[in-house]
Amino acid sequence: MNNQKLGEEIVKLRKQHFLSQKQLAEGICSQSAISQIERGQIFPGVDTLYNLSAKLHVPIDYFIQLMLEDDMDENEDLIAHVEHLSGEQKFEQMYGLLKGKLDESINCYWMTSYLTWHFHLSAYQTKRVSIEKTIQLLKDLHDEKKTPVQSKGNLRNRILNSIAYLLATNGQYKESLYYYDKILKNEDRSSAVTSVLTPDIFTIRVMYNKSKTLYDMGASEESLATIEDGIKKSLEKENMSLLGQFYYYRGQCFERLGSDEDEIRECYQKALFIFELLDKKLYSRLLWKYKESYLK
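What the sequence shown shows, in the UniProt record's numbering, is residues 1 to 296, in sequence order.
Given below as structure tokens:
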């Protein structure tokens, strides 16, 4: 355990809150114990750690991560690489990388869970494992150990998002919506985030996935309501990452509901503007291919 790093962080937080060692120790432990913890000579028990986190206004899992993760810089680089491979859909390369990494000894439980999650997804995407088996493996991973550490970077919710997406892909729409709603209602968002999606951007992605699932089910009005919430959230957070897709599906819903043609056209034109602004060439081409009549 990285006692030294934990101690240094407690010193930093204590000074930020203008507390002396005596003031921090009050009602928790002795001043001598605080001094030893800050020097990295001992590590605190769970109760002490919980009380320290409350007094210093940080989640307890933040401290737990500091103690468990000795190779943070190396982990950050690996996380960034995995996220890049996932974004580029290079699943064969990802599978080979993660198979090798998981064969190694990894001391960090969060990192093991994170890599296992992506390993299962890459195995499915490369057709090594069926969609039904992948869903079960991800459910098992999610339920395996519900520790504070696993909440870092929204990992547990991101696993749920993958489960919901695969269920929708498999035509299990009602169960998929159950998981999307479970994520959106979950307020337990860790503030200790590494190079993964921030909570707000993750929420926007879940809303988009939910709206798509509702649309595929034929529930156009419910889909439209979720889309409107997603557009509002995107604008509030000044995040355009999925705004084009929201406007596209808004147009799709309007078409299906027989809305005014000008409203439909406006949606597709906004979607095209955003796709071109963000240089999403594939989305722009598809929009021109299937919705050309609305773009002229």
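Using N, Cα and C, we set each Cβ at its ideal position, and we do this for glycine too.
Proximity of residue i and residue j at Cβ, strictly below 9 angstroms
i	j	result
E276	C253	no
L13	L56	yes
K5	G40	yes
V82	L102	no
F91	Q125	yes
C110	S162	At residue 110 the sequence reads Trp, which differs from the Cys that was named. No, Cβ-Cβ distance for W110 and S162 is not below 9 angstroms.
L242	Y215	no
Y248	T213	no
D200	N239	yes
L85	L115	no
F63	E9	yes
Anticipated Cβ contact below 8 angstroms, residue i with residue j, distance rounded
i	j	result
R158	F119	No, R158 and F119 are not in contact; Cβ-Cβ is about 14 angstroms, not under 8 angstroms.
I28	N51	4 angstroms
S259	G230	About 18 angstroms; that fails the 8 angstroms criterion.
L167	I135	6 angstroms
I42	Q21	Not a contact, Cβ separation roughly 14 angstroms.
S113	L141	7 angstroms
E38	V58	Their Cβ separation, rounded to whole angstroms, is 15 angstroms, which puts E38 and V58 out of contact at 8 angstroms.
G244	L278	7 angstroms
K182	L160	6 angstroms
F246	I227	5 angstroms
Y165	M217	Actually they are not in contact, since the Cβ atoms of Y165 and M217 sit about 14 angstroms apart, beyond 8 angstroms.
Cβ-based burial, residue i [other Cβ within 10 Å; buried from 16]
i	result
S223	buried
Y294	buried
Q89	exposed
K289	exposed
D143	exposed
G153	buried
R156	buried
A80	exposed
R205	buried
D188	With a pLDDT of only 48 at D188, under the threshold of 50, the placement of this residue in the model should not be trusted; the figure read from the coordinates follows. Counting Cβ neighbours within 10 Å, D188 comes out exposed, since fewer than 16 surround it.
K233	buried
L286	exposed
D61	buried
A54	exposed
L138	buried
S190	Note that S190 has pLDDT 48, beneath the 50 cutoff, so the model's placement of it is unreliable and the number below is only indicative. Counting Cβ neighbours within 10 Å, S190 comes out buried, since at least 16 surround it.
K281	exposed
Below-9 angstroms beta-carbon distance, residue i vs any chain B residue
i	result
Y124	Looking for chain B here will not work: only one protein chain is present.
Item to check | Completely contained alpha helix (DSSP H) runs for the region 174-232, where each covers 4 or more residues | outcome: 199-217
Next on the checklist: Quick check on the DSSP output: what are the complete beta strand (DSSP E) runs of length 3 or more inside the UniProt domain "HTH cro/C1-type" (10-63), in order along the chain?
Outcome noted: none
Item to check | Sequence ranges, alpha helix (DSSP H) only - wholly within the region 80-123, length at least 4 | outcome: 91-103
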